[in-house]
Amino acid sequence: MSAFLPSPLRWPAEAIWEALAPVLPGFTVEVLPEIDSTNTELMRRFRGSASTRPRPEPLLLVAEQQTAGRGRLGRSWQSRRGDSLTFSLGLPLQPSDWSGLSLVVGISVAESLDPGNTGPARIGLKWPNDLWLSGPSGDRKLAGILVETASWEGIRFVVIGIGINIRALPLAAVSALATPSMATPSVAAIPPGGLQELLPSIDAAQTLLRILPPLVQAVQAFEQFGFAPFQNRFAARDVLSGRTIELSDGTQGRAQGVGENGALLVHTAAGMKEITSSEVSVRPVSEGDPATVLKDPRPC
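The working numbering numbers the first residue of the sequence shown as -3 and each following residue consecutively.
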């Protein structure tokens, strides 16, 4: 086991290693005070370079601060120490069909943080890779997922990057971190949510220990069985189902859940469409509510 623990935070590296090493041979844990992007670093290690050999072993890389975090559609942002949990998990994976993996990751994280045992679940899922937190001011982004793959000598590796907002930042702080392209003009912008609104005493280290073992179990189940067994669990938290949405090409329609392959089903004027590409941007259309969720600059 490798564990670099430079900060006062009590990162549970040893507990995580003990829980996962039996099912992930060669598993390593690293915690860094700062890095450009955990996903970028794991992809560098898995692919290797002219001077370094690829490192195909399972690896968890946690960053207390990211200076160039990455998300879908080429979005980038910074994270501030203590505000969020940012990590990437890399491991060999050989599913027969990769469709729906990001949805499975979201399901696992949402269920670990908000089982819904004492009432309606407050953490919902927005296709294909966001977790939303419901509250008095509406649905707000809580977390995001970025899944990438690499190959080496016939073996496929997946890098699962996750960013979870731990503290809810005020609107002014979010706007200060955002780039001009992230700011969405609106009558009343709503800042992203924070996990401490749901679990007031939790911190980033506790969050990591809580979600990681179930996440590995879910990913390994996906490798064996695909997305279909997870379909109903996604439906139970689907925040888009039944809502009017707009695709990045301007097409509007009503979301009708997801299929057995994880595709988003949208009923449009031209008929039912299956959206399978994660490079398609999807947003709910406001129905009489001027408030708009501000795009989150933190690594989610």
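Every residue gets a Cβ at the ideal spot worked out from N, C-alpha and C, and that includes glycine.
task: Return the bridge partner residues of Arg136 from the DSSP annotation.
output: Within the sequence shown, the letter at position 140 stands for residue 136. Answer is Leu129, bridged to Arg136.
- prompt: Going by DSSP, what residues sit across from Phe153 in a beta bridge?
  reply: Translated into positions along the sequence shown, residue 153 becomes position 157. Within the DSSP secondary-structure output, Phe153 pairs in a beta bridge with Pro88, Ala146.
- request: Could you please give me the residues that DSSP links to Ser80 through a beta bridge?
  value: Here residue 80 corresponds to residue number 84 of the sequence shown, with the count starting at 1. Per DSSP, Asn161.
- request: Compute the Euclidean distance between the alpha carbons of Gln252 and Ile158, then round it to the nearest angstrom.
  value: As a working note, residue 252 is residue 256 in the sequence shown. As a working note, residue 158 is residue 162 in the sequence shown. Straight-line Cα distance between these residues: approximately 26 Å.
message: If you follow the beta strand (DSSP E) that Pro188 is in, where does it begin and where does it stop?
response: Position 192 of the sequence shown, counting from 1, holds the residue named residue 188. Boundaries for Pro188: no beta strand (DSSP E) harbours it, and the DSSP string shows neither H nor E there.
- request: Return helix, strand or coil for Glu53, following the three-state DSSP convention.
  value: Here residue 53 is taken as the residue at index 57 of the sequence shown, counted from 1. Here DSSP, grouped into helix, strand and coil, assigns Glu53 to coil.
field: Residues that DSSP places opposite Asp234 in a beta bridge
entry: Here residue 234 is taken as the residue at index 238 of the sequence shown, counted from 1. Answer is Leu121.
task: Decide yes or no for the touch test of the stretch 89 to 107 against the stretch 229 to 240: beta carbon pairs closer than 8 Å, at least 3 of them.
output: Yes, the stretch 89 to 107 touches the stretch 229 to 240.
message: Which residue marks the beginning of the alpha helix (DSSP H) containing Arg41, and which one marks its end?
response: Translated into positions along the sequence shown, residue 41 becomes position 45. Note, Arg41: alpha helix (DSSP H), 34 to 43.
- prompt: When the Cα of Ser95 is compared with those of Asp245, Arg239, Gln227, Asp135, which residue comes out closest?
  reply: Residue mapping note: residue 95 aligns to position 99 of the sequence shown, counting from 1. Here the closest residue by C-alpha is Gln227.
query: For the alpha helix (DSSP H) that Val281 lies in, which residues bound it at each end?
result: One-based indexing of the sequence shown puts residue 281 at position 285. Segment: none, Val281 is in no alpha helix (DSSP H) and carries neither H nor E.
message: For Leu38 and Ala201, what's the separation of their Cα atoms in angstroms?
response: Taking the first residue of the sequence shown as position 1, residue 38 is located at position 42. Taking the first residue of the sequence shown as position 1, residue 201 is located at position 205. Between the C-alpha atoms of Leu38 and Ala201 there is a straight-line separation of about 20 Å.
message: Please tell me whether Pro54 has its Cβ less than 8 Å away from any Cβ of chain B.
response: In the structure shown, chain B does not exist; there is a single protein chain.
Nearest candidate by alpha-carbon position, reference Ser33, set Leu142, Arg250, Asn161: For the purposes of this step, residue 33 is taken as the residue at position 37 of the sequence shown. Nearest C-alpha to Ser33: Leu142.
message: Which of the three DSSP states is assigned to Val100 in this structure?
response: In the sequence shown, residue 100 corresponds to position 104, counting from 1. The answer is helix: DSSP assigns Val100 an H, G or I state.
- prompt: Does the distance from the C-beta atom of Ile160 to that of Ser80 stay below 8 Å?
  reply: Position 164 of the sequence shown, counted from the start, is the residue given in the question as residue 160. Position 84 of the sequence shown, counted from the start, is the residue given in the question as residue 80. Yes, Cβ-Cβ distance for Ile160 and Ser80 is below 8 Å.
- request: Spell out the partners DSSP gives Gly249 in its beta bridges.
  value: Position 253 of the sequence shown holds residue 249. In DSSP, Gly249 forms a bridge with Ile241, Thr264.
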